[in-house]
Amino acid sequence: MEIGAGPYLNEAPAARSIIVIGAGFSGTLAALKLLARDATLHVQLVEGSGRVGRGLAYGACSPGHLLNVPVGRLEVGLTPGLGQWLAGRHDELGVALEESAGSLADAFVPRALFGDYLEERLRVAASAVGPSRLEVIRSEAVSLLELPRQGVLLRDGRELLADAIILATGNMPPKAPLPPRSPVRDDPAFIADPWSPGTPDDPDRDACIVLVGTGLTMVDTVLRLRDDGHRGPIHAVSRRGLTPLEHRFGGAWPPFLELDATRSPLALMRSVRAAAAAAMARGIPWQRVIDAVRPSTSRIWTGWSRAERRRFLRHVRPYWDAHRHRLAPRIADRLQAALRGGDLTIWSGGMVGCRSQGGGIEVDVRARGQSGLRTLRASRLINCTGPRSDFASLGMPLFASLRRRGLVHPDELGLGIETSDCAVCGRDGCPSTWLFALGPLTRPAWWEITAVPEIAAQVDHLVAVLVPAEADRDHPSLARSFVDLGAGI
Ligand SMILES: Cc1cc2nc3c(=O)[nH]c(=O)nc-3n(C[C@H](O)[C@H](O)[C@H](O)COP(=O)(O)OP(=O)(O)OC[C@H]3O[C@@H](n4cnc5c(N)ncnc54)[C@H](O)[C@@H]3O)c2cc1C
Numbered sequence: 002m003e004i005g006a007g008p009y010l011n012e013a014p015a016a017r018s019i020i021v022i023g024a025g026f027s028g029t030l031a032a033l034k035l036l037a038r039d040a041t042l043h044v045q046l047v048e049g050s051g052r053v054g055r056g057l058a059y060g061a062c063s064p065g066h067l068l069n070v071p072v073g074r075l076e077v078g079l080t081p082g083l084g085q086w087l088a089g090r091h092d093e094l095g096v097a098l099e100e101s102a103g104s105l106a107d108a109f110v111p112r113a114l115f116g117d118y119l120e121e122r123l124r125v126a127a128s129a130v131g132p133s134r135l136e137v138i139r140s141e142a143v144s145l146l147e148l149p150r151q152g153v154l155l156r157d158g159r160e161l162l163a164d165a166i167i168l169a170t171g172n173m174p175p176k177a178p179l180p181p182r183s184p185v186r187d188d189p190a191f192i193a194d195p196w197s198p199g200t201p202d203d204p205d206r207d208a209c210i211v212l213v214g215t216g217l218t219m220v221d222t223v224l225r226l227r228d229d230g231h232r233g234p235i236h237a238v239s240r241r242g243l244t245p246l247e248h249r250f251g252g253a254w255p256p257f258l259e260l261d262a263t264r265s266p267l268a269l270m271r272s273v274r275a276a277a278a279a280a281m282a283r284g285i286p287w288q289r290v291i292d293a294v295r296p297s298t299s300r301i302w303t304g305w306s307r308a309e310r311r312r313f314l315r316h317v318r319p320y321w322d323a324h325r326h327r328l329a330p331r332i333a334d335r336l337q338a339a340l341r342g343g344d345l346t347i348w349s350g351g352m353v354g355c356r357s358q359g360g361g362i363e364v365d366v367r368a369r370g371q372s373g374l375r376t377l378r379a380s381r382l383i384n385c386t387g388p389r390s391d392f393a394s395l396g397m398p399l400f401a402s403l404r405r406r407g408l409v410h411p412d413e414l415g416l417g418i419e420t421s422d423c424a425v426c427g428r429d430g431c432p433s434t435w436l437f438a439l440g441p442l443t444r445p446a447w448w449e450i451t452a453v454p455e456i457a458a459q460v461d462h463l464v465a466v467l468v469p470a471e472a473d474r475d476h477p478s479l480a481r482s483f484v485d486l487g488a489g490i
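2 is the number of the first residue of the sequence shown in this note's numbering; add one for each residue after it.
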């Protein structure tokens with residue numbers, strides 16, 4: 002299914018052709034759905050890393066990393082469905098099924114299995130349709146061709162032409178939480194990207210390790226360190242010290258947000274808190290209240306002014322993230338056990354300084370509201386701040402070139418690039434008729450476009466726009482698709 006090395010220029014193809022840049026979850030699903038919808042379409046799926054079909058989330062993971070969405074919510078419209086595919090792998094699901102009392106739909110399974118599923122679907126599709134319809138091209142897209150030619154320039158010098166291009170470049174490497182000229186940046190004991198394949202081995206399994214960030218990346222990193230045999234203390238630092246909370250099944254809570262409650266972040270939080278208290282008083286987990294908000298999040302976000310969105314990001318986001326992006330129960334149990342046993346310490350405060358010292362890094366931490374410092378002597382300082390999204394300063398060649406040419410416009414809040422219904426907006430604010438985007442980089446327009454269910458709805462929408470069928474010439478709006486996701490985990 003791959004194109005061999007060597008110069009490759011595809012002259013304007015007879016059938017319609019679409020280039021998808023990025024073969025993570027978003028790009029892979031888009032390619033598969035486009036092929037299924039139009040039997041004449043030619044799709045070129047371009048991937049710059051060695052991970053085709055898996056992306057970061059389902060490629061750079063170890064066996065202890067679980068999906069934080071149960072199987073029943075991960076059906077993305079492929080055949081066979083995930084549940085059907087997993088049913089043939091019951092021996093790999095022992096603990097997950099034990100935890101969910103035998104219910105596959107409610108089971109939290111390893112992330113790597115979801116990656117296997119996607120990669121296999123792509124392989125099967127490629128051999129079914131052949132290279133005249135699907136080409137998987139392993140190279141980095143470094144820029145788009147100069148107009149009027151619509152296409153992509155690859156790092157190896159090849160040029161691809163197409164009628165439409167979809168950016169599905171996903172999660173960008175994290176930004177270092179260090180001053181620009183800090184010498185620690187070049188210290189091998191500083192791990193700038195915990196997902197990077199070249200991460201060096203732990204030199205001393207009993208030494209202290211400091212993590213910057215206390216969200217899902219921190220949880221992933223703690224699990225990986227423990228599974229790799231690290232025994233020493235782990236300290237994790239963030240401004241508020243909030244960690245992701247856990248999923249809980251049971252109960253139901255109806256959509257409850259009145260129009261007034263969504264006018265501002267403060268009003269929204271008041272309303273959510275009141276509903277959570279009412280739910281818990283009736284024995285219903287607060288998680289159902291958050292789930293009831295989820296189908297409306299993009300509508301609420303788009304209804305807010307820029308100032309309100311900024312206020313949400315500054316004051317509410319850490320709390321929203323901790324309650325919304327939750328942990329599978331047995332991951333939450335491991336985290337709690339590590340906290341109780343003193344193996345893991347969460348600091349609410351900040352890393353106020355750090356320096357290289359004797360093969361490790363000394364980290365000065367100040368707890369929130371206190372004046373004194375504590376110096377931690379760490380064998381590793383690991384950046385767990387999560388994927389970066391500030392496209393205005395992102396140095397990756399593709400985005401630097403798109404920015405320079407005014408083809409993309411980073412949003413002012415540093416969340417991604419401006420889009421309108423998936424069409425990329427240029428510097429002039431106009432949505433493109435041939436350049437589209439999917440997944441996390443479209444966050445400015447949708448806010449919640451991180452997890453599989455939302456991205457799958459977005460992919461379906463864009464596919465319907467690019468290949469309209471008679472039945473859906475009046476394709477449903479994207480907001481409608483999100484509402485149709487319904488409440489639930
Ligand atoms: C660690 C982690 C765990 C997650 N766990 C869950 C979960 O359990 N459940 C859930 O619902 N969601 C989860 N998510 C969220 C979500 O599923 C992912 O963010 C989603 O997979 C995004 O997919 P993507 O294809 O847009 O991005 P990515 O997975 O980042 O894939 C983008 C791909 O594009 C490639 N690429 C980038 N630039 C170029 C270029 N210039 N040329 C060629 N290729 C390029 C990259 O190499 C990469 O393979 C998780 C996210 C992360 C980061």
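Virtual Cβ for every residue (Gly too), placed ideally from N, Cα, C.
Taking Cβ to Cβ, would you say Gly56 is nearer than 7 Å to Gly25? On the sequence shown, residue 56 is found 55 positions in, with the first residue counted as 1. On the sequence shown, residue 25 is found 24 positions in, with the first residue counted as 1. A contact, by the Cβ cut-off of 7 Å.
At a cut-off of 6 Å, would you count Val47 as near ligand 1, judging by its Cβ distance to the nearest heavy atom? The residue labelled residue 47 in the question sits at position 46 within the sequence shown. Yes.
Could you check what DSSP says for Leu87 in three-state terms: helix, strand or coil? Translated into positions along the sequence shown, residue 87 becomes position 86. Residue state, collapsed to three classes: helix.
6 Å CB neighbourhood of Val21 in its chain, flanking five on each side removed: Counting from one through the sequence shown, the residue named residue 21 turns up at place 20. Result list for Val21: Gly28, Ala31, Ala32, Leu46, Ile167 and Ala169, in chain order.
What are the boundary residues of the beta strand (DSSP E) that Met352 is part of? As a position in the sequence shown, residue 352 is number 351, starting the count at 1. Met352 -> beta strand (DSSP E) spans Leu345 to Gln358.
Bridge partners of Leu67, per DSSP? Your numbering for residue 67 matches position 66 in the sequence shown. Partner(s): Pro111.
CA nearest to the CA of Arg331, picked from Asp194, Asp322 and Leu224: One-based indexing of the sequence shown puts residue 331 at position 330. When each option's Cα is compared against that of Arg331, the closest is Leu224.
By the 10 Å Cβ neighbour count, where 16 or more other Cβ atoms means buried, how is Asp261 classified, buried or exposed? Here residue 261 refers to the residue found at position 260 of the sequence shown. It counts as exposed.
Reduced DSSP category for Asp412 - H, G, I as helix; E, B as strand; rest coil: For the purposes of this step, residue 412 is taken as the residue at position 411 of the sequence shown. Coil.
Given the structure, does Ile22 come close to ligand 1, in the sense that its CB is under 6 Å from one of the ligand's heavy atoms? The residue given as residue 22 occupies position 21 in the sequence shown. At least one heavy atom of ligand 1 is nearer than 6 Å to the Cβ of Ile22, so yes.
Outcome for Ser18 when other beta-carbon atoms lying within 10 angstroms are tallied against a minimum of 16: For the purposes of this step, residue 18 is taken as the residue at position 17 of the sequence shown. Answer is buried; the Cβ neighbour count reaches 16.
Just to confirm, is the Cβ distance from Ala276 to Val290 under 7 Å? Counted from its first residue, the sequence shown places residue 276 at position 275. Counted from its first residue, the sequence shown places residue 290 at position 289. Contact: yes.
Rounded to a whole number of angstroms, what is the C-alpha to C-alpha distance between Gly359 and Leu374? In the sequence shown, counting from the first residue as 1, residue 359 sits at position 358. In the sequence shown, counting from the first residue as 1, residue 374 sits at position 373. Cα to Cα, the separation comes out at about 20 Å.
Distance, Arg241 Cα to Gly370 Cα: For the purposes of this step, residue 370 is taken as residue 369 along the sequence shown, with counting starting at 1. For the purposes of this step, residue 241 is taken as residue 240 along the sequence shown, with counting starting at 1. About 11 Å.
Per DSSP, which residues does Pro432 bridge with? Please list them. Walking along the sequence shown from the start, residue 432 turns up at place 431. DSSP lists Cys426 as partners of Pro432.
Skipping 5 residues on each side, what residues in its chain have a beta carbon closer than 6 Å to that of Gly214? For the purposes of this step, residue 214 is identified with residue 213 of the sequence shown, where counting begins at 1. Correct list, in chain order: Ser239, Cys385 and Thr386.
Nearest CA to the CA of Pro149: which residue from Glu259, Arg139, Ala165 and Glu141? Here residue 149 refers to the residue found at position 148 of the sequence shown. Cα-wise, what sits closest to Pro149 is Ala165.
With C-beta atoms as the reference, is Gly60 less than 7 Å away from Gly116? By 1-based counting over the sequence shown, the position of residue 60 is 59. By 1-based counting over the sequence shown, the position of residue 116 is 115. Yes, these two residues count as a Cβ contact at 7 Å.
Could you check if Ile490 is buried or exposed, using at least 16 other CB atoms within 10 Å of its CB as the buried criterion? Position 489 of the sequence shown, counted from the start, is the residue given in the question as residue 490. Bear in mind that a pLDDT of 35 at Ile490, under 50, signals an unreliable position, so the model cannot answer this.
Determine the DSSP secondary structure at Ala275, reduced to helix, strand or coil. Counting from 1 along the sequence shown, the entry for residue 275 is found at position 274. In this structure, Ala275 counts as helix in the three-state DSSP scheme.
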